[in-house]
Amino acid sequence: MKNKEHTRQVRDTVVKKFKAGFGYKKISQALNIPKSTVQAIILKWKEYQTTANLPRPGRPSKLSAHTRRRLIRDVAKRPMITLDELQRSTAEVGDSVHRTTISRILHKSGLYGRVARRKPFLKNIHKKCCLKFATSHLGDTPNMWKKVLWSDETKIELFGNNAKCYVWRKSNTAHHPEHPTPTVKHGGGSIMVWACFSSAGTGKMNKIDGKMDGAKYRTILEENLMESPAKTVELIEIIHPSDCLSRKWLTTVEALLPTMQPLLVQTQVIEDDQAKRGGQVYTTNLRGQVPPLVTTDYTVQDQGNASPRFMRCTTYSFPCTADLAKQCQVPLATIIKPFATVPKNETPMYVVNHGETGPIRCNRCKAYMCPYMQFTDGGRRYQCGFCNCVNEVPAFYFQHLDHMGKRVDFYERPELSLGSYEFAATLDYCKNNKPASPPAYIFMIDVSYANIKSGLVRLVCDELKTLLDNLPREDGAESSMVKVGFVTYNKILHFYNVKSALAQPQMMVVSDTAEMFVPLLDGFLVNFQESRAVINNLLDQIPDMFADTNESETVFAPVIQAGVEALKAAECSGKLFIFHSSIPTAEAPGKLKNRDDKKLINTEKEKTLFQPQKAVYEQLSKDCVSQGCSVDLFLFPSQYVDIATMGDVATHTGGSVFKYSNFQVERDGQHFLSDLRKDVEKAIGFDAIMRVRTSTGFRATDFFGAIHMNNTTDVEMAAVDCDKAVTVEFKHDDTLSEETGALMQCALLYTTISGQRRLRIHNLSLNCSAQLSELYKSCETDALINFFAKSAYRAMLNQPLKTVKEILVNQAAHMLACYRKNCASPSAASQLILPDAMKVFPVYLNSLLKTGPLVGSAELSTDDRAHQRLSTTAMGVEDTQLLLYPRLIPLHNMDVASDVVPTPVRCSEERLTDAGMFLLENGCSLFLWLGQACPPEMIQSIFNVPSLAHVSIDLVRTVTSLTPSSTEDGLMIVKQKDRSEIMFRQHLVEDKGLHGGASYMDFLCYVHREIRQVLT
Ligand SMILES: [Zn+2]
787 MKNKEHTRQV RDTVVKKFKA GFGYKKISQA LNIPKSTVQA IILKWKEYQT TANLPRPGRP
847 SKLSAHTRRR LIRDVAKRPM ITLDELQRST AEVGDSVHRT TISRILHKSG LYGRVARRKP
907 FLKNIHKKCC LKFATSHLGD TPNMWKKVLW SDETKIELFG NNAKCYVWRK SNTAHHPEHP
967 TPTVKHGGGS IMVWACFSSA GTGKMNKIDG KMDGAKYRTI LEENLMESPA KTVELIEIIH
1027 PSDCLSRKWL TTVEALLPTM QPLLVQTQVI EDDQAKRGGQ VYTTNLRGQV PPLVTTDYTV
1087 QDQGNASPRF MRCTTYSFPC TADLAKQCQV PLATIIKPFA TVPKNETPMY VVNHGETGPI
1147 RCNRCKAYMC PYMQFTDGGR RYQCGFCNCV NEVPAFYFQH LDHMGKRVDF YERPELSLGS
1207 YEFAATLDYC KNNKPASPPA YIFMIDVSYA NIKSGLVRLV CDELKTLLDN LPREDGAESS
1267 MVKVGFVTYN KILHFYNVKS ALAQPQMMVV SDTAEMFVPL LDGFLVNFQE SRAVINNLLD
1327 QIPDMFADTN ESETVFAPVI QAGVEALKAA ECSGKLFIFH SSIPTAEAPG KLKNRDDKKL
1387 INTEKEKTLF QPQKAVYEQL SKDCVSQGCS VDLFLFPSQY VDIATMGDVA THTGGSVFKY
1447 SNFQVERDGQ HFLSDLRKDV EKAIGFDAIM RVRTSTGFRA TDFFGAIHMN NTTDVEMAAV
1507 DCDKAVTVEF KHDDTLSEET GALMQCALLY TTISGQRRLR IHNLSLNCSA QLSELYKSCE
1567 TDALINFFAK SAYRAMLNQP LKTVKEILVN QAAHMLACYR KNCASPSAAS QLILPDAMKV
1627 FPVYLNSLLK TGPLVGSAEL STDDRAHQRL STTAMGVEDT QLLLYPRLIP LHNMDVASDV
1687 VPTPVRCSEE RLTDAGMFLL ENGCSLFLWL GQACPPEMIQ SIFNVPSLAH VSIDLVRTVT
1747 SLTPSSTEDG LMIVKQKDRS EIMFRQHLVE DKGLHGGASY MDFLCYVHRE IRQVLT
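Now the structure itself:
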């Protein structure tokens, strides 16, 4: 009788023990199995290498066990051996069988004949590259892959064996090195074709003549992609199998393809500069030295040239001649921010006092004593670096020279060793030769129905009670010397007497707004500390006094006029803080009517929307500037208010325009108050006049900023604060010398916050070169784009937008084409070659073209466009950089334990991920974007608050250490796919503009075409 068969497990154990060296007997005893069974199992295993049940024998095999093992061995040795070959070799040893017998035997061992995979002939290095490429892109979003174009060549053989090839192998071993059939692309008797595909479909097929090389590849790409970028998807990356293999190919592709550029681009340039120059000390001892990028974190040590925080140039090497300048079309400009905030670890401004005679100046050109004055004649004379005039050194200033010709007191005198310093000014520098007085701040509150109803009036009054304790003061001073005054208004104006001696404030009404006068002098402008009780009393009363008002009409120009008159009467400079709600329609000078007309958009007349309406405001600007009266306008409109006109005075007097549309205290209150606080507390100088002097051969010809100019050289600013910059353009008069370079000195005469007259001097020396390559090498993209933005925004007042944009692109194309022609090493015309220092210039330029003012879309509010135009006018390089390339920070990558903010990513939709949380800031707006799949725990872990409702702008700042910008809007939280997402998306500057405007990719192709046109 046959015993029950042992389980597989038991049989495996038997084999295991046998392998471990146990004899049959021992195994039999241990497992309690008859010795003969043990033997049978082991014999079977020895023969078939398995303990599995084999098919029950049918007819005995025609082949011996020996021959069968030989077959398997042969196949393992040479997987591509054919059945015929096997049959022949079996017959040779005397076993003549049918092919199917052989294949059946091989099948039993799991070996099947499969079609060999075709595989490029790869070396190990290629394989490594491929793997690296694949792993580095594992995390890419589907969106990203959508934008990838896959391309490859393939060989179609005309002769020879192009048939399938079979291989003997077990399953899942298709890619074992010996299994695929090698392919090579080049070789006679075949044609090569190139094709591509992407998520949008397949591209055109191209025949390749002869051997494929870089040039052919470029031509093909060009014909297929460059000329019709719109037809293909918005490409950002072209993937060619060998691209990830061969460095040589990759470089050709990179150089050629604008499509590859974004990968290296903007965020990378910023990261590279931060890595290279971040955390370092930048000493300003060298002429023509290019500073780190504005985004890089560096420390400045002034050693004879102004810090780049004060002065930043479009290029640090000027061309020697006007012809060269004209040829390259690179604007020669300096952006000057005279009151830029300096970090605490950098040297503060020294004040130099040259006594009663005032600061020492060159007799001829009036340049102030500075490091560029050359002392001669044993120290008795000095030669002016600007006009070369030789001057006598005044006796009190005489000092011996050392063996190097340097004054012995060189290091003790800031004006000899530093780029920036101040001089105490004498009475000669004061208006009417009378000492200046401390400035005054006048708060002028529109108390018409809209502002009362929204709660704004109460909010402002409450805030002022504490804010006035923080008025700006001199370093070390106990209290501020700034005086304060108060006006409320709707159709008529109310002035308040808040003299400290009064128990109650007194109101005086002026209803004749045509001839504005100030009804009281004594008691209107007072010291807050002294009049605190009366002022607080007034601020308590104002909201109640007008609580029941029905007045909805307002005046505006008379309000500014009243402020100027008050300052005039007090013989001081100052600033007006105006809190206004509506377009001024009441009968009075400067009355405005609604002239918003969307039909004008994209017509010749569109420019009129941005031109200020009335001569009244122009005259008002002049009055303000001559009195040193700056105007800051806080607007709370619920509809069109004509910002182009209302903001005009502010932007000619060194002021700012803040705008809070449809203001709600709960939603916008904190944001407004934070702007107000910063505005009241910030460092500022008044009644300023700036002059930029240059060495011979060039001069300042044009000025952009919140400024006023009565002549061609004096830049007048009623006030200038730490955020305001003036962009100055230079032109050649003559040939510049490489030896002496180009020197500039910016002298700003102003009144300090405590009423002292000072001169702030910033000096900068640049190189000059007859080689354009030097100019391009020394370019600064951030400064360039600041200049382009300001000049375009000015040009749009006189020209149609279309023309303005054409001029911009044209000039850019000329700049880049000139580099290509004169400085780049020869290469195919199809290659887009950009100077290293301008690599990211196109992304900024494209972003500028898509900004509200230049975009010309009826969907945008005219006021918003006008507002952005005016705000940009006075921006420094840091501000325009951030505005035109916002920071997109992947917050979900934040390591909560450390306070390192994640590195910003490219401003493009494809960087967004469903499970991500991103912060976007551009200095004007701040967004928190949440992906649909963003887990709520993330909010808890990053912000340490239970829900989004608890996330405030201040919290975001604390967490991310964002730079608080003066004009930054409140925090907006947007969720993926919500309607509000549009607001956020328009800041993704690399994508196609929501209101028109090309994607970065398309724009590069466009610029590239323009460049080629210039070159031919
Ligand atoms: Zn001079």
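Per our numbering: the sequence shown = residues 787 to 1802.
The beta carbon of each residue, even a glycine, is placed where N, CA and C say it ideally should be.
For residue i, which three-state DSSP category applies?
i     : result
Y1630 : helix
F808  : coil
F1310 : coil
T1499 : coil
V1345 : helix
P1586 : coil
D1807 : Given a span of 787 to 1802 for the chain in the structure shown, any question on residue 1807 remains unanswerable.
Q835  : coil
R903  : coil
D1232 : strand
G1441 : coil
E1707 : strand
P1105 : strand
R1673 : strand
G1271 : strand
V1512 : strand
F1489 : strand
R864  : coil
F1332 : coil
N1553 : strand
R1193 : strand
N1283 : strand
Give every residue of the same chain whose Cβ lies closer than 6 Å to the Cβ of residue i, excluding the five residues on either side of it in the sequence, and list them in chain order.
i     : result
T823  : none
Y1158 : G1171, L1529
Y1503 : One point to set straight first is that residue 1503 is Met, not Tyr, in the sequence displayed. If we look at M1503 and ignore the five residues flanking it on each side, its Cβ neighbours are G1440, A1474, I1493.
I1238 : F1332, T1335
I1387 : G1642, A1644
L1311 : A1226, K1269, G1271, A1356
V796  : none
V1320 : V1284, L1288, P1291
How far does the beta strand (DSSP E) with residue i in it extend, from its first residue to its last?
i     : result
S1206 : 1206-1210
S1297 : No beta strand (DSSP E) contains S1297, which DSSP labels as neither H nor E.
S1416 : 1415-1421
I1364 : 1360-1366
L1712 : 1712-1716
Q1654 : It is not in any beta strand (DSSP E) - Q1654 instead sits in the alpha helix (DSSP H) that spans 1648-1659.
R1479 : 1470-1480
F1161 : 1160-1162
Cutting at 8 Å between CB atoms, please list the residues of its own chain near residue i, excluding the five before and the five after it.
i     : result
R1544 : V1137, E1208, F1209, A1210, A1211, G1471, L1535, Y1536, T1537, T1538
Y1792 : V1595, A1784
E1057 : T1689
S875  : D860
V1760 : F1713, L1714, W1715, L1716, S1766, E1767, M1769, F1770
Skipping 5 residues on each side, what residues in its chain have a beta carbon closer than 7 Å to that of residue i?
i     : result
M1724 : H1678, M1703
K1251 : N1322, L1325
R1651 : G1638, P1639
Q1160 : Y1168, Q1169, G1171
The alpha helix (DSSP H) spanning residue i covers which residue range?
i     : result
G1455 : 1451-1467
Y1562 : 1558-1563
S1577 : 1567-1581
Can you tell me which residues fall inside 6 Å of ligand 1, judged by beta-carbon distance to its nearest heavy atom, and keep chain order?
Counting every residue whose Cβ lies closer than 6 Å to a heavy atom of ligand 1, we get C1148, R1150, C1151, A1153, C1170, F1172, C1173, C1175.
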